[in-house]
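Structure record follows, encoded as structure tokens.
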Amino acid sequence: MPKDSIDSLSRDSLHQLQIERLQMTLNRAYFHVDFYRNRMDSLNLLPEEVGTFEDLRRFPFTTRQDLTDHYPYGLFAVPLRSIVRLKITTPALGDQGRPIVVGFTRHDSSMWHSLMMRLYEQLGVTDRDIVQVAFNFSLFPGAFTFNHAAELLGATLAPSSTISATLQLQIMQDFRSTVLATTAAFALHIVETMERLGMEPDSLHLRLILLGPDPLPDTTRDRLESAFGIPVYGLYGVTEMGEPGMAGECPAKAGLHLAEDQFLAEIVHPLTGEPVPSGQEGELVLTTLTAEAYPLIRYRTGDITVLREGPCSCGRTAARIVPILRRTDNRVSIRGIPLYPEQVEELLRSIDPLLDDFRLVIHTRYGVGEQLDILVSRTQAADLPGGGRAQYLELLRATIRRAVGLGTKVQMVEPDRLPREGLVYKTVFRSLSPPCALDPNCR
Amino acid sequence: MLRVKGLSVRYGTMQVLRRVSFHVGADEIVAVIGANGAGKSTLLRTLSGLHRPSEGEIRFMNTPIHRTAPERIVRLGLIQVPEARQLFPNMTVLENLELGGFIYGGKHVEISLPQIYEIFPVLSDRRRQKAGTLSGGEQQMLSIGRALMAKPRLLVLDEPSMGLAPLIVEEIYQTIQNLHRMGTTVLLVEQNAMGALAISDRAYVLETGRVVLSGKASDLMEHDDVQRAYLGRDYQHKWER
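Residue numbers (our numbering), protein chains in the order written: chain A, 126 to 568; chain S, 145 to 385.
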């Protein structure tokens with residue numbers, strides 16, 4: 126049963142807490158952040174005109190664009206000396222670079238730790254557990270939160286970062302790790318390595334696996350659960366907003382419990398921005414309730430989900446979101462690294478203005494993006510930037526790698542050989558798993 | 145126990161409270177801190193029914209009280225220790241205490257008096273003395289004692305430290321903590337931020353009629369904004385780019 130009192134708070138008490146914290150957020154945003162103040166002034170809106178959650182709908186949305194426009198400190202609500210950590214979300218993209226930087230005060234960072242602790246506790250992780258955290262720190266600062274929260278919980282932490290899967294498995298065996306926290310892509314890689322080495326899952330002591338921050342496809346969950354023979358859980362985080370811990374599954378696996386004491390959730394229609402009827406799918410819009418350094422009011426996450434307010438069979442009263450169904454924009458994820466096709470296009474065209482067309486080919490395994498190939502086509506064979514064909518392709522590859530932090534394969538093909546793009550702009554997905562996945566003898 | 149939601153109060157065209165929301169749970173000590181003119185006293189007067197809010201609601205023990213008459217609110221158990229004591233100086237200590245409990249009748253007063261004297265032995269010694277002749281600290285004790293006579297479910301204290309020497313303030317705070325330990329829920333409204341935070345569980349910071357900060361008292365004490373506001377540090381260097 127839940128230990129944390131927040132978990133069992135009545136809806137009524139929760140709403141009281143939310144409205145108290147909302148007034149604080151609005152007041153602080155109005156007085157400390159010029160962006161929100163100008164916005165509210167231009168609408169003739171004062172923070173005190175918001176007395177109910179419905180009133181909040183008069184506020185305009187905050188978008189990713191707003192965040193990049195006010196890089197670096199335009200949206201900070203406290204002076205830099207009160208900030209204890211910066212989180213630079215998108216790697217700087219050279220001249221076109223418009224990263225997002227989020228700051229945390231001491232209070233903010235301990236808030237995230239406590240949320241992540243809550244997620245661990247919700248899954249029954251205790252001080253008796255040995256938690257192995259395998260995340261790439263450089264591209265996912267949230268790895269800190271996974272680590273610190275495990276430590277604060279009193280669990281034994283084995284941060285293994287991104288050492289090879291073979292070494293990960295060795296650590297799992299030697300230290301009898303009971304919990305593995307990593308990305309879906311890396312967990313799949315570990316399974317393959319385990320099978321290649323002929324290791325039995327019984328030789329490990331894992332109790333559960335926690336995957337994030339990308340949505341966890343059911344096929345991945347099934348594959349991992351059958352390979353390890355233990356439950357696999359997902360969590361949810363918003364890249365632009367902060368850290369993991371915002372929402373996570375409980376053992377009932379009936380959606381991700383949202384930390385409603387810290388975030389106010391709305392579900393809106395992605396096109397009209399109007400609220401959708403309860404229980405219907407729409408875009409998740411979040412307002413921070415206690416964030417001091419970087420308050421966000423009605424931030425459009427771009428994630429499509431459904432909010433369920435009914436009580437969960439685990440006894441917690443916090444509303445749940447269903448695992449993210451899709452994005453409202455074209456964002457894709459390869460090995461946990463978020464990427465916008467438009468961003469790639471901008472990079473490619475900045476190097477080669479004569480580029481005709483291109484495709485992103487994302488190879489997926491059990492629904493998780495694993496490898497990115499870029500196909501480019503060019504009718505004019507001459508004037509290749511960089512010199513020869515090989516240098517040209519290398520130039521493109523290196524630029525993408527520098528800007529996005531992702532190794533890719535770049536090929537030049539005839540225009541008619543470009544695959545037809547799917548629902549996502551200029552992007553095609555190719556599955557590496559089936560039909561192999563259906564065949565148990567297939568390696 | 146007490147839930148205030150979106151409370152606004154105006155004096156004519158002047159808006160003094162701007163959508164104030166806060167709550168006090170059973171067995172808590174909650175502080176509302178703020179500088180002069182932040183709206184603290186207006187907030188308390190509204191809680192007691194002396195002002196009508198222009199919007200918002202106040203629920204006490206699940207009953208809406210923002211349209212209730214002051215004497216009804218007292219009967220519900222929301223008892224205030226007013227700012228600057230507000231004793232009847234020409235009446236004796238005993239008479240002041242009796243007035244506190246008179247709504248419940250003589251029998252109640254008879255039973256309650258020994259309890260009050262136990263908490264404040266000094267009042268027992270001076271029961272025949274005129275209230276106006278007491279020292280500031282003693283007057284504050286009498287004021288609290290008078291409120292206790294009215295069987296508070298929620299004891300609301302308005303600046304109990306005002307105009308008192310530091311040592312006496314310490315003593316008053318000690319008393320508040322003792323009362324809390326004996327099961328009284330306390331709402332403490334103070335200008336003396338650090339003192340109030342030291343004895344509270346949670347707190348709200350009121351600034352020109354708005355709640356700008358809330359949280360655990362221990363966290364707020366460390367908070368940069370509280371330090372800035374109450375240790376006189378300014379916002380000169382907002383951005384250190």
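Idealized CB from N, CA, C, for every residue including glycine.
- Residues of the segment 147-170 of chain S that bring their beta carbon within less than 7 Å of a beta carbon in chain A comprise Arg147, Lys149, Gly150, Ser152, Arg162, Arg163, Ser165, Phe166, His167, in sequence order.
- Contact residues of the segment 194-210 of chain S toward chain A are Glu199, Gly200 (C-beta to C-beta distance below 8 Å).
- Distance from the CA atom of Arg527(A) to the CA atom of Pro540(A), rounded to whole angstroms, is 27 Å.
- Here Pro436(A) has Thr442 as same chain residues with Cβ atoms under 7 Å from its own Cβ, once five neighbours each way along the sequence are excluded.
- Only buried fits Ile499(A), as 16 or more other CB atoms lie within 10 angstroms of its CB.
- Under a 10 Å Cβ-count criterion, Thr504(A) is classified as exposed, with fewer than 16 other Cβ atoms of the shown protein chains found around its own Cβ.
- Rounded to whole angstroms, the separation of the alpha carbons of Thr364(A) and Leu292(S) is 53 Å.
- Among the residues of the segment 351-371 of chain S, those with a Cβ less than 9 Å away from any Cβ of chain A are Glu351, Gly353, Arg354, Val355, Val356, Leu357, Ser358, Gly359, Asp363, Glu366, His367, Asp368, Asp369, in the order of the chain.
- For Thr287(A), no beta strand (DSSP E) encloses it, and the DSSP letter there is neither H nor E.
- The C-beta of Arg272(S) has fewer than 16 other C-beta atoms within 10 Å across all chains shown, which makes the residue exposed.
- Three or more beta-carbon pairs drawn from the segment 222-231 of chain S and the segment 284-302 of chain S are found closer than 8 Å, and the two stretches are therefore classed as touching.
- Beyond the five residues adjoining it in sequence on each side, Asn322(S) comes within less than 8 Å, by CB distance, of Ile263 in the same chain, given in chain order.
- Under the three-state reduction of DSSP, Gln159(S) is assigned to strand.
- For Arg445(A), DSSP records a beta bridge to His382(A), Arg433(A).
- With fewer than 16 other CB atoms across the displayed protein chains lying within 10 angstroms of its CB, Phe232(S) is exposed.
- The segment 339-356 of chain S makes contact with the segment 178-188 of chain S: 3 or more CB pairs, one atom from each, lie closer than 8 Å.
- Collapsing the DSSP output to three states places His488(A) in a strand.
- Straight across, the Cα-Cα distance linking Leu409(A) with Val447(A) is about 11 Å.
- For Val226(A), no Cβ of chain S is located within less than 8 Å of the residue's own Cβ.
- In terms of beta-carbon proximity, Ser207(A) lines the interface with chain S, with at least one pair separated by less than 8 Å.
- Contact between the segment 327-344 of chain A and the segment 303-311 of chain A is present, with at least three C-beta pairs closer than 8 Å.
- At least one beta carbon of chain S lies nearer than 8 Å to the beta carbon of Asn152(A).
- In terms of CA proximity to Arg474(A), Thr524(A) leads the group His273(A), Ser458(A), Thr524(A).
- Nearest to Met241(A) by C-alpha distance, out of Phe229(A), Gly267(A), Thr287(A), is Gly267(A).
- Following the DSSP letters along the chain, one finds Pro310(S) inside the alpha helix (DSSP H) bounded by residues 310-325.
- The Cβ of Val447(A) sits no closer than 8 Å to any Cβ of chain S.
- 8 Å or more divides the Cβ of Gln148(A) from the Cβ of Leu389(A).
- By the rule that beta-carbons nearer than 8 Å mark a contact, Pro172(A) touches chain S.
- With respect to the 8 Å criterion, Phe204(S) and Leu187(S) are not classified as neighbours on the basis of their beta carbons.
- Contact check for Phe201(A) and Ala418(A): beta-carbon distance about 6 Å, within the 8 Å limit, so the pair qualifies.
- Each residue's CA atom was taken as its position, placing Arg301(A) and Ala384(A) some 31 Å apart.
- Take the alpha-carbon of Glu276(A) and the one of Ile288(A): they are about 20 Å apart.
- Distance from the CA of Gly511(A) to the CA of His367(S), rounded to the nearest whole angstrom, comes to 55 Å.
- Taking a beta-carbon distance threshold of 8 Å, Met149(A) counts as an interface residue toward chain S.
- For Val158(A), no chain S residue has a Cβ inside 8 Å of its Cβ, as the nearest lies near 11 Å away.
- Gly250(S): member of the alpha helix (DSSP H) spanning 249-263, first to last residue.
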